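Colleague: Numbering (the working numbering) for the sequence shown: 1020 to 1203. Heads up, the beta-carbon is just placed ideally off N, CA and C, and yes, glycines get one too. In this text, all values refer to a predicted model and were calculated from it rather than measured experimentally. Below you'll find the structure I mean.
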Amino acid sequence: MHDLTEQKAQINPVLVGLMGSGKSSIGRRLAKYLNVELIDLDHYIVEKDGRSIPEIFAQEGEPFFRRLENICLREVLGKPAVIATGGGVVLSEENRQLLRAHPPVIWLKASPHFLARRIHGDSNRPLIAGDETLADTLKRIESLADERYPLYEACADFTLPRGDMKKPEALNAIMVFLTHWGGE
Ligand code: S3P
């Protein structure tokens, strides 16, 4: 594993990427290694609001969720932590500016096939919860990818082309990036 002993106290990576790309699980491992907490933005939102993500979407609609997401993002950025964001955080220009102001932002870029297989049938993800078949979820993810890839790209200091890469390998690639990243 790459040694970040000198720098690691100042590094607060923010992970972005589509649903299922491993932001929370890789974020947890990264936080452990950097010896900081993991803030999972979706969990933070759920704690603040008191309802689950599907409940917020169903009862209040997506625009309400996005406003809450923006408020919570502003609250957590800058904390000594690894932050795992929700897949749609980059939709707002304000959020993208906030992310760019808090580097390093790391984009976990996985293939739509990989993501669809991982998340199909997950009732906790309202954007795909109604999908009957894996093909429906794949179509949905491909359309989210078309819309969001340029937005992730616009924010990211580092893109990890994860493909089907396993988590330890992905973590190692992030470590290599962080070792060379100057904090600019
Ligand atoms: C969303 C992704 C989810 C969650 C919400 C909306 C999205 O987070 O914020 O369901 O728009 O892609 P994960 O990316 O952690 O699944």
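Relative to the C-alpha of Leu1153, which residue among Lys1185, Ser1043, Ala1135 and Asn1143 is closest?
Modeller: It is Ala1135 whose Cα lies nearest to the Cα of Leu1153.
Colleague: When you compare each of Glu1094, Gly1097 and Leu1034 to Gly1105 by their alpha carbons, which one comes out closest?
Modeller: Nearest of Glu1094, Gly1097 and Leu1034 to Gly1105, Cα basis: Leu1034.
Colleague: Kindly list the residues whose CB is nearer than 8 angstroms to the CB of Gly1041, restricted to its own chain and excluding five residues on each side of it in sequence; keep chain order.
Modeller: So the qualifying residues of the chain are Leu1127, Ala1129, Arg1181, Lys1186 and Ala1189.
Colleague: I'd like to know whether the C-beta atoms of Leu1170 and Arg1159 end up nearer to each other than 8 angstroms.
Modeller: Not closer than 8 angstroms, so no.
Colleague: Determine, using beta carbons only, whether Val1055 and Pro1099 come nearer to each other than 8 angstroms.
Modeller: In this structure, Pro1099 lies closer than 8 angstroms to Val1055 by Cβ.
Colleague: Since I believe Ile1102 is in contact with Leu1060 (beta carbons under 8 angstroms), could you give me their beta-carbon distance rounded to a whole number of angstroms?
Modeller: The pair is a contact, with the Cβ atoms about 6 angstroms apart (cut-off 8 angstroms).
Colleague: As a quick exercise: from Leu1057, Gly1140 and Leu1197, pick the residue whose alpha carbon is nearest that of Ser1044.
Modeller: Answer by Cα proximity: Leu1057.
Colleague: What are the boundary residues of the beta strand (DSSP E) that Val1033 is part of?
Modeller: That run of the beta strand (DSSP E) goes Val1033 to Val1035.
Colleague: Quick one: what does DSSP say Asp1183 is sitting in, helix, strand or coil?
Modeller: Three-state result, Asp1183: coil.
Colleague: Given 7 angstroms as the limit, tell me if Leu1190 has its C-beta closer than that to any heavy atom belonging to the ligand S3P.
Modeller: Result no, Cβ not under 7 angstroms from the ligand S3P.
Colleague: With DSSP as the reference, label Glu1056 as helix, strand or coil.
Modeller: Of the three classes helix, strand and coil, the one that applies to Glu1056 here is strand, per DSSP.
Colleague: I'd like to confirm something about Lys1067: is its beta-carbon nearer than 7 angstroms to some heavy atom of the ligand S3P, or not?
Modeller: No; taking the cut-off as 7 angstroms, the Cβ of Lys1067 has no heavy atom of the ligand S3P nearer than that.
Colleague: Give the straight-line distance between the Cα atoms of Asp1165 and Leu1053, rounded to the nearest whole angstrom.
Modeller: Using only the alpha carbons, I get a separation of about 33 angstroms.
Colleague: Are there any heavy atoms of the ligand S3P lying less than 7 angstroms away from the beta-carbon of Gly1046, as far as the coordinates show?
Modeller: No, the ligand S3P has no heavy atom inside 7 angstroms of this Cβ.
Colleague: Consider the C-beta atom of Ser1162 and the heavy atoms of the ligand S3P; say whether any pair is separated by less than 7 angstroms.
Modeller: False, no ligand heavy atom lies under 7 angstroms from that Cβ.
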